[in-house]
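Chains as they are written, first to last, in the numbering used here: chain A, 59 to 827; chain B, 2 to 160.
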């Protein structure tokens with residue numbers, strides 16, 4: 059019987075549930091005994107010149123070991139010459155920081171560009187001493203006008219980087235000037251849609267500990283990929299093989315822990331510079347100012363079609379707020395452009411983007427990274443168009459879906475979709491939700507003059523996962539002479555359940571029971587070569603690598619078993635149910651894995667694999683959200699959320715559902731409550747969890763999940779990514795539901811988050827017209 | 002100042018700074034690291050422990066306030082023989098945790114909630130967990146685990 063596809067409960071859990079995980083702050087390594095605490099002195103002003111730093115009072119404070127500023131950074135190599143892009147000649151579209159005039163320093167040199175930017179580091183014996191001493195570091199600022207928004211950045215009255223001559227750091231995409239694509243359209247919708255800035259908000263913030271000992275730098279850090287972190291940490295002036303990076307338990311990432319930020323490089327440098335072990339664990343306040351945030355795009359859209367609901371033309375113009383420093387160049391809005399037309403076969407599509415710098419926290423990947431923004435807008439605009447045409451959103455979607463027989467399908471923006479059956483997924487949620495009855499109830503409430511109205515929101519989505527499949531992922535599988543197996547993976551768990559999933563794959567292929575399979579990740583001494591966990595890539599690349607490595611182990615073991623049996627290899631087989639090797643047709647003779655491995659060189663059978671995929675995968679689905687809107691107060695209550703998601707064969711339904719639950723909640727959070735805000739001077743208004751409205755259990759229902767399993771041919775497991783489907787599908791579904799509840803009042807659009815104030819105001823405005 | 006308290010049934014005495022928070026006492030003095038810090042503003046509940054049997058957020062309680070009282074952390078919840086508490090067991094069976102960071106606080110908050118209300122409805126569980134933030138699970142399986150733990154405690158049998 060296959061273990062794949064069954065609800066195996068996680069092997070990770072017992073430890074996490076009884077003694078708790080071991081996150082960076084929990085490490086009790088002997089090398090970290092006596093580690094000093096690092097506290098960052100951070101900019102309190104969004105945009106200013108630094109005219110002086112006086113640490114003398116801090117140096118006198120109890121427990122202070124050192125105060126480090128940019129003046130101390132004389133032992134660092136010059137950063138490699140980075141390409142200095144001009145906006146009209148964009149750099150390659152990889153997710154890498156911009157250099158040249160846009161480069162981000164480690165510690166602020168003479169100018170700060172966002173509140174929370176690191177200016178100095180205080181090292182103390184204890185945490186409390188660090189907070190006290192950091193207050194005593196006096197930084198003289200000469201304030202400059204702030205650029206707190208995309209609009210202010212585009213106006214260009216104040217420049218963050220005067221040498222650049224502009225706040226626009228990247229431009230890309232196609233020509234969007236030709237308006238003739240809308241000729242003959244009977245209905246045109248046009249307007250701005252804001253995809254607001256939100257926090258990734260892993261419950262464990264960033265945390266790093268570092269030790270410099272015997273010519274080797276060891277860095278424990280809360281990251282989604284130890285190997286990439288090691289590469290970035292070479293900025294301290296060491297070659298990769300002089301650095302060991304360990305990712306211990308990691309308390310969530312959501313894209314914001316890909317690699318390491320300037321703070322983690324600084325902690326590693328501080329350890330090397332002072333010779334002391336250093337530990338830094340950020341506070342939530344720091345996290346909400348210093349950890350990269352997500353989304354932050356302004357879309358100008360235009361969509362045209364006929365009265366029957368056929369979409370003829372779509373234009374998407376994206377402006378990406380990059381924050382104070384461009385961490386990813388044009389990568390995020392490029393992905394938004396790529397996925398612009400979503401699940402629809404639109405005859406003419408134009409998409410372009412530009413990225414600007416503002417005096418805000420830098421923006422980088424957050425669960426979906428550029429794709430949720432594309433889905434949020436096309437799905438919102440399709441509803442907008444349906445409302446203008448007086449058509450049901452279902453009708454318009456079905457008229458315009460790419461049809462199953464059209465796959466493989468290359469969109470007008472160049473996305474090579476592999477497979478899909480969008481109408482089937484939509485029908486599945488409509489049926490499960492009872493769409494017609496819900497519409498009838500919606501109508502009844504309106505006609506009865508009730509004040510709590512129903513809204514139904516749909517989103518049909520397609521997403522790109524493992525977009526960098528060519529980079530692949532590594533796996534090493536070993537079977538030892540005691541019959542146990544060890545998996546070394548380059549992907550990096552931080553809650554997803556890799557250890558359970560990968561052990562299941564080994565058990566499936568080798569018949570070694572799960573409790574005898576150990577999975578190891580996140581240590582560059584043990585796994586020097588790896589890529590990591592992001593872009594919904596782990597199972598399809600890392601899992602496929604484990605699968606292929608297990609098969610290589612099996613092939614090797616088959617030879618050994620044949621030798622031991624003194625039989626032909628063709629006559630030997632692995633009984634995966636019993637986990638033993640047999641001679642075909644002779645049930646009395648068997649060899650255990652222990653016996654076979656003992657006969658191998660060094661008592662070990664081992665296979666190293668790097669699995670690469672030549673193209674990405676495109677999971678898809680439909681989501682339907684039901685909300686209740688109190689038209690007297692604008693309050694929105696999410697009543698139901700029904701999804702039909704297809705990410706290929708499901709390895710473990712428990713894990714698969716867990717990924718969807720978490721994503722849906724984060725998508726609903728963006729649609730309903732969450733937003734990072736700045737005032738006109740660039741001061742953050744949402745820098746604690748008292749102010750940032752992280753969604754809670756009380757604001758969400760239980761979710762209703764349906765699954766279909768269309769395999770891909772791209773990898774041997776047939777699987778696609780599921781980690782980001784929730785944010786991609788749920789954001790527009792919930793958003794559309796809110797507007798659907800009040801569309802009969804004349805409301806066509808409300809920007810996210812749909813707070814009571816915004817909904818109430820939109821209703822008042824519409825009814826005044 | 003000197004504080005004396007019982008942590009997971011063990012008496013402890015220590016000299017601490019007046020301003021020492023209970024969570025730092027537990028992590029740094031008692032060396033019990035399951036209790037995590039998630040926000041510093043009493044908003045996220047990652048640091049939830051039981052103080053004389055009632056849930057408190059230990060980032061907003063001074064160690065001095067716990068003087069003479071009994072604290073239970075996640076490490077003290079399982080039975081002496083290692084048998085998981087019904088809430089722990091339910092979290093395992095219902096996949097109520099992913100990264101595990103909010104988990105100690107969630108488990109303690111639910112243990113306390115079920116003590117006050119042994120048979121809560123889903124809505125009561127959701128309201129009761131309003132002060133505990135999880136970023137991984139969308140709360141779906143946490144709520145399911147809380148209801149399952151109530152069920153198994155009430156029937157006196159774990160599955």
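The C-beta atom is built at its ideal place from N, Cα and C for all residues, glycine as well. All of these numbers come straight from a predicted model, not from anything done at the bench.
Asked: Cα-Cα separation between residue 609/A and residue 584/A, rounded to whole angstroms; Found: 22 angstroms
Asked: Reduced DSSP secondary structure (H/G/I, E/B, other) of residue 349/A; Found: coil
Asked: beta-carbon residue 102/B near the ligand NAD non-hydrogen atom, thresh 7 angstroms; Found: As for the ligand NAD, it is missing from this structure, which has no ligand bound.
Asked: Chain-order list of residues whose beta-carbon lies under 6 angstroms from that of residue 422/A (same chain, five-residue window excluded); Found: 350, 385, 386
Asked: Members of the segment 293-309 of chain A near chain B, C-beta cut-off 9 angstroms; Found: 307, 308, 309
Asked: Spatial neighbours of residue 312/A in its chain, beta-carbon cut-off 7 angstroms, leaving aside the 5 residues before and after; Found: 258, 260, 424, 425
Asked: Cross-chain neighbours of residue 19/B in chain A, by beta carbon under 9 angstroms; Found: What residue 19/B touches in chain A: nothing, since even the nearest Cβ is about 11 angstroms away.
Asked: Contact check, residue 367/A vs residue 449/A, beta carbons under 8 angstroms; Found: yes
Asked: Beta strand (DSSP E) segment containing residue 2/B, residue limits; Found: Careful: residue 2/B lies outside any beta strand (DSSP E) and carries neither H nor E.
Asked: Any 3 or more C-beta pairs closer than 8 angstroms across the segment 343-360 of chain A and the segment 270-285 of chain A; Found: no
Asked: Pairwise C-alpha distance: residue 289/A and residue 166/A; Found: 22 angstroms
Asked: Closest by C-alpha distance to residue 143/B, when choosing among 113/B, 91/B, 46/B; Found: 91/B
Asked: Beta-carbon spacing of residue 601/A, residue 777/A below 8 angstroms; Found: yes
Asked: N-terminal and C-terminal residue of the beta strand (DSSP E) that residue 681/A is part of; Found: 678-688
Asked: Closest residue to residue 92/A among 710/A, 333/A, 569/A (Cα-Cα distance); Found: 333/A
Asked: Helix, strand or coil at residue 33/A [DSSP, three-state]; Found: For chain A, the structure presents residues 59 to 827; residue 33/A sits outside this window and is missing.
Asked: Beta-ladder partner(s) of residue 617/A, from DSSP; Found: Partner(s): none; residue 617/A has no beta bridge.
Asked: Beta-carbon contacts of residue 321/A that lie in its chain and below 8 angstroms, excluding the five residues immediately before and after; Found: 98, 176, 264, 266, 338, 340, 348
Asked: Selection from 220/A, 117/A, 152/A, 222/A that minimises the alpha carbon distance to residue 191/A; Found: 117/A
Asked: Residues sharing a beta bridge with residue 459/A, DSSP; Found: 402/A
Asked: Exposed unless 16 or more other CB atoms sit within 10 angstroms - verdict on residue 543/A; Found: buried
Asked: Inter-stretch contact (C-beta, 8 angstroms, three-pair minimum) for the segment 524-543 of chain A and the segment 585-596 of chain A; Found: yes
Asked: Cross-strand partners of residue 378/A (DSSP beta bridge); Found: 355/A, 413/A
Asked: Rounded distance between the beta-carbons of residue 336/A and residue 281/A, thought under 8 angstroms; Found: Their Cβ separation, rounded to whole angstroms, is 17 angstroms, which puts residue 281/A and residue 336/A out of contact at 8 angstroms.
Asked: Residue environment, residue 575/A, which counts as buried when at least 16 other CB atoms sit within 10 Å; Found: buried
Asked: Closest Cα partner of residue 497/A within the set 667/A, 473/A, 452/A, 715/A; Found: 452/A
Asked: Contacting residues, own chain, Cβ-Cβ under 7 angstroms from residue 35/B (five flanking each side not counted); Found: 74, 75, 76, 105
Asked: Burial state of residue 562/A, where buried means 16 or more other Cβ atoms lie within 10 Å; Found: buried
Asked: Cross-chain neighbours of residue 722/A in chain B, by beta carbon under 9 angstroms; Found: 139, 141
Asked: CB-CB length for residue 792/A against residue 428/A, believed under 8 angstroms; Found: The Cβ separation is near 20 angstroms, so there is no contact.
Asked: Expected contact under 8 angstroms - CB spacing of residue 470/A and residue 404/A to nearest Å; Found: 7 angstroms
Asked: Cross-chain neighbours of residue 94/B in chain A, by beta carbon under 7 angstroms; Found: 67
Asked: Every unbroken beta strand (DSSP E) within the segment 211-258 of chain A, with a cutoff of 3 residues, ordered by chain; Found: 226-231, 245-257
Asked: Identity of the residues DSSP links to residue 669/A by a beta bridge; Found: 531/A
Asked: is_contact[residue 77/A, chain B] using C-beta, thresh 8 angstroms; Found: yes
Asked: Straight-line Cα distance separating residue 454/A from residue 327/A; Found: 57 angstroms
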